[in-house]
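When you line the sequence shown up against this note's numbering, it's residues 54 to 227, in that order.
Ideal Cβ positions, reconstructed from N, Cα and C, are used throughout, including at glycine.
Source: prediction; values computed, not measured.
Here the structure comes first, spelled out in structure tokens, and everything after it is commentary.
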Amino acid sequence: MITIISGTNRKNSISKQVAIQYQEILNEQGVESTIIDLEKLPADFIASALYENQGTNVDFNPVREHMKTAQKFVFIVPEYNGSFPGVLKTFLDALEFPGTLKGKKCAIVGLSSGIQGGVMAMSHLTDIFNYLGMHVLALKPKLIRINGKMEKGKIADDSYMKRLRDQAQAIIDF
Ligand SMILES: Cc1cc2nc3c(=O)[nH]c(=O)nc-3n(C[C@H](O)[C@H](O)[C@H](O)COP(=O)(O)O)c2cc1C
């Protein structure tokens, strides 16, 4: 079982579309997955799920518990201001520390409208995950100029799909 995290709360994000497509790829490869969509975080999340309120938000607690028991993750990470979205860091800050991610494994996919493909976003996130004790798969696809590669909510580019399939197989075997 793999947990896919769509790394932004922006409505109608491409990240969510890629997360759904990634789930289809894992399905084809015979592996079950579930999606955590940061767009669905409780609206009062910042005020009620962090710091002294950790563990007290009844809407967020099931997600927090899921993150504690899940062992393998795929993070779909859009490039925002040369890094990953702040809401993703806030999500990580709301998880039980230390221990939620320690010893676990993940893969990261980077997307951007520009030419970096989230390379710095993935690098920044890798530093954090390694600090937290999570092993990050070295294969990190950079899906540059993603906006122009989408058709009807799906990636319509064979080389991008091959990169995701190769990564999916690698995280399954990781
Ligand atoms: C707040 C914000 C900052 C962004 N910063 C960058 C950036 O630094 N470089 C870039 O190539 N694209 C940037 N983008 C565009 C996203 O990478 C692009 O929209 C891509 O489709 C993935 O984002 P999405 O999942 O929100 O659709 C930014 C988008 C937003 C909303």
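- Item | Bridge partners - T87, DSSP secondary structure assignment | T56
- Item | Near ligand 1: G201 beta-carbon under 7 Å from a heavy atom | Flag unset: Cβ of G201 not near ligand 1.
- Is the closest heavy atom of ligand 2 to the C-beta of S86 under 7 Å? Ligand 2 is absent from the structure shown, which contains only ligand 1.
- Query: For Y104, which beta-bridge partners are listed by DSSP?
  - Reply: DSSP lists no partner for Y104.
- Query: What span of residues does the alpha helix (DSSP H) with A160 cover, start to end?
  - Reply: Premise fails: A160 lies in the beta strand (DSSP E), K158 to L164, not in any alpha helix (DSSP H).
- Item | Separation of S59 from L192, as counted between CA atoms | 18 Å
- Closest by CA to I141, which one among A223, S86, F98 and I73? Before going further, note that residue 141 is Leu rather than Ile in the sequence given. The option with the nearest alpha carbon to L141 is F98.
- I think L196 touches I78, with their Cβ atoms under 8 Å apart; what is that distance to the nearest whole Å? Between the beta-carbon of L196 and that of I78 there is about 13 Å, and that puts the pair past the 8 Å contact cut.
- Query: Between I225 and V127, is the Cβ-Cβ spacing less than 8 Å?
  - Reply: no
- Message: Rounded to the nearest angstrom, what separates I161 and E105 at their Cα positions?
- Response: 30 Å
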